[in-house]
Each structure stands twice: as structure tokens, then as C-alpha cells.
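J.: The sequence shown runs 0 to 60 under numbering that gives the first Met the number 0.
Using N, Cα and C, we set each Cβ at its ideal position, and we do this for glycine too.
Computed from a predicted model, the values in this text were never measured in an experiment.
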Amino acid sequence: MPLPQAEALTFRKSSYSNPNNCVEVADIPGASAIRDTKRRTDGHLPFPTNEWAAFLTTLTR
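(1) What's the call for residue 13, buried or exposed, on a 16-neighbour Cβ count within 10 Å?
(2) Between the beta-carbon of residue 140 and the beta-carbon of residue 36, is there less than 7 angstroms?
(3) What did DSSP end up calling residue 46 once you bin it into helix, strand or coil?
(4) Check whether the Cβ atoms of residue 18 and residue 30 sit closer than 7 angstroms, and answer yes or no.
(5) For residue 43, which option in 16, 27 and 60 has the closest C-alpha, if you only look at C-alpha atoms?
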């Protein structure tokens with residue numbers, strides 16, 4: 000899967016997150032891009048939409 004450059008993505012983070020220790024997520028076609036807010040320049044990891052949704056569902060159980 001070709002990754003879009005971070006500059007082209009709109010990342011967001013939860014209002015429930017700790018300001019100093021969280022991740023951000025951006026929507027890309029068919030996937031979600033995840034990055035560490037403390038190390039934004041290190042890039043991002045893509046997760047297929049269904050895998051990201053399954054991960055979030057597991058967290059809310």
C-alpha cells in the first residue's frame with residue numbers, strides 16, 4: 000500500500016487523551032494512519048480499516 004506523505008494527511012487525536020502521551024489518527028483510502036504525537040517526524044503506520052475497527056472494538060469492551 001503506498002503511503003501518503005504526512006503533510007497531506009489531517010491527523011486528529013481524542014479529546015480524552017493525555018496531552019503528553021498519545022497517538023493521532025488520519026483517514027486514508029481503505030485504511031487509518033497512526034502516529035505518535037511525540038515523534039511525528041518518524042512517520043506513520045497504516046492499518047486497514049477493518050483491522051483498525053476491530054482494534055478499537057476490543058478496546059471498548
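T.: Taking the coordinates as given:
(1) Around the beta-carbon of residue 13, fewer than 16 other beta-carbon atoms lie within 10 Å, marking it exposed.
(2) What is shown of the chain runs 0 to 60, which leaves residue 140 out entirely.
(3) strand
(4) no
(5) 27
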